[in-house]
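In the numbering used here, the protein residues as written are 11 to 268. Here the structure is laid out as structure tokens; the discussion comes afterwards.
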């Protein structure tokens, strides 16, 4: 993994946006994996100021609540439309969100997973991380081989997401989420996090054992994963000095390494 530690939340957004910019410029018909929640918002804000051609870009959301109206302001269909499609000017017909109100939720999950594969797969998957180590809505205990599926939300996740609703009782109990196996098939993963409340989860994901009890630790298995975090989220990493070193040696004018 590449670990990038920057000063603050805004810089996390700008750095991750730069990686997405590189992807779209090198592949105009790129397929992006789109995350919701609070962590990715600075990324989308930073992308708004970039002069990119989004005409042929496609997107797949990580997840959606079950049994919430698509027009509800906190449905992920609404969040993706507001924060990504409308903000950046993507073609809404190319941006897909799981159908959490389908009459057959299992079939809807399978169809969504199949649609990702039919596009040729995700070029860059943006990820956040929950305080319990979840990515997407893959809660602790999720299989690393899991596909897009219906899943229950833990009390921890529902409490964390209650800030977007009037009370925790309004937070749906179930979701459709891309599985860890689905996520790991993306060609590149970019995980973003900021704040001291994410420090423990980040440390477990980056330096802890690869375990289903910290689903985000699955990124250690990926050949091209970048973690972009601010100083606060990096606070519990034990190898901060190492991560701050350049990816390759820097030579002085005399040719000596420094």
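Glycine is no exception: its CB is placed at the ideal position from the N, C-alpha and C atoms.
Residue nearest to residue i in terms of C-alpha spacing, selected from the options
| i | options | result |
| --- | --- | --- |
| residue 234 | 140, 23, 29 | 29 |
| residue 110 | 27, 75, 34 | 75 |
| residue 94 | 45, 132, 226 | 45 |
| residue 157 | 146, 178, 163 | 146 |
| residue 155 | 189, 134, 108, 36 | 189 |
| residue 245 | 224, 229, 213 | 213 |
| residue 102 | 137, 87, 116 | 87 |
| residue 134 | 69, 118, 123 | 69 |
| residue 77 | 225, 250, 161, 191 | 161 |
| residue 193 | 231, 142, 115 | 231 |
| residue 24 | 215, 117, 59, 33 | 59 |
| residue 142 | 153, 19, 215 | 215 |
| residue 202 | 236, 37, 36 | 236 |
| residue 115 | 42, 73, 41, 17 | 73 |
Bounding residues of the alpha helix (DSSP H) (the contiguous stretch that carries residue i)
| i | result |
| --- | --- |
| residue 269 | A query on residue 269 cannot be resolved here, the shown segment of the chain reaching from 11 to 268 and no further. |
| residue 167 | 165 to 171 |
| residue 112 | Note, residue 112: premise wrong, no alpha helix (DSSP H); not H, not E. |
| residue 226 | Neither: residue 226 is in no alpha helix (DSSP H) and is coded neither H nor E. |
| residue 7 | Residue 7 lies beyond the range of the chain shown here (11 to 268); nothing can be said about it. |
| residue 84 | Note, residue 84: premise wrong, no alpha helix (DSSP H); not H, not E. |
| residue 251 | 250 to 253 |
Where residue i sits in the DSSP three-state scheme
| i | result |
| --- | --- |
| residue 159 | strand |
| residue 265 | Reliability of the predicted coordinates at residue 265 is poor, the pLDDT of 49 falling under 50, and the value obtained from them is presented with this limitation in mind. Three-state result, residue 265: coil. |
| residue 122 | helix |
| residue 78 | coil |
| residue 194 | helix |
| residue 231 | helix |
| residue 203 | strand |
| residue 96 | helix |
| residue 176 | coil |
| residue 42 | strand |
| residue 216 | helix |
| residue 145 | strand |
| residue 181 | coil |
Through-space distance from residue j to residue i, alpha-carbon basis
| i | j | result |
| --- | --- | --- |
| residue 149 | residue 11 | 22 angstroms |
| residue 71 | residue 196 | 13 angstroms |
| residue 126 | residue 79 | 23 angstroms |
| residue 211 | residue 177 | 25 angstroms |
| residue 140 | residue 200 | 15 angstroms |
| residue 21 | residue 113 | 42 angstroms |
| residue 144 | residue 254 | 25 angstroms |
| residue 205 | residue 239 | 9 angstroms |
| residue 243 | residue 66 | 34 angstroms |
| residue 265 | residue 229 | Because residue 265 carries a pLDDT of 49, less than 50, the predicted location of this residue cannot be relied on, and the following value inherits that uncertainty. Approximately 36 angstroms between the Cα atoms of the pair. |
| residue 1 | residue 15 | For residue 1 there is no data in the structure shown, the boundaries of the chain being 11 and 268. |
| residue 27 | residue 132 | 16 angstroms |
| residue 137 | residue 209 | 16 angstroms |
| residue 108 | residue 250 | 37 angstroms |
| residue 180 | residue 164 | 14 angstroms |
| residue 124 | residue 159 | 12 angstroms |
| residue 99 | residue 247 | 37 angstroms |
| residue 89 | residue 252 | 37 angstroms |
| residue 19 | residue 13 | 15 angstroms |
| residue 63 | residue 37 | 11 angstroms |
| residue 152 | residue 225 | 7 angstroms |
| residue 121 | residue 47 | 24 angstroms |
| residue 85 | residue 173 | 14 angstroms |
| residue 39 | residue 198 | 15 angstroms |
Unbroken beta strand (DSSP E) run spanning residue i, endpoints
| i | result |
| --- | --- |
| residue 135 | 134 to 137 |
| residue 245 | Segment: none, residue 245 is in no beta strand (DSSP E) and carries neither H nor E. |
| residue 12 | 12 to 16 |
| residue 68 | 68 to 71 |
| residue 187 | 184 to 187 |
Inset, instruction - Mind the definition here: the region 167 to 186 touches the region 50 to 61 only if three or more C-beta pairs lie below 8 angstroms; say whether that holds. - result: The region 167 to 186 makes no contact with the region 50 to 61: fewer than 3 CB pairs, one atom from each, lie closer than 8 angstroms.
Legend entry - Segment contact flag, the region 178 to 185 with the region 213 to 232, C-beta cutoff 8 angstroms, min 3 pairs: Output reads no: the region 213 to 232 does not touch the region 178 to 185.
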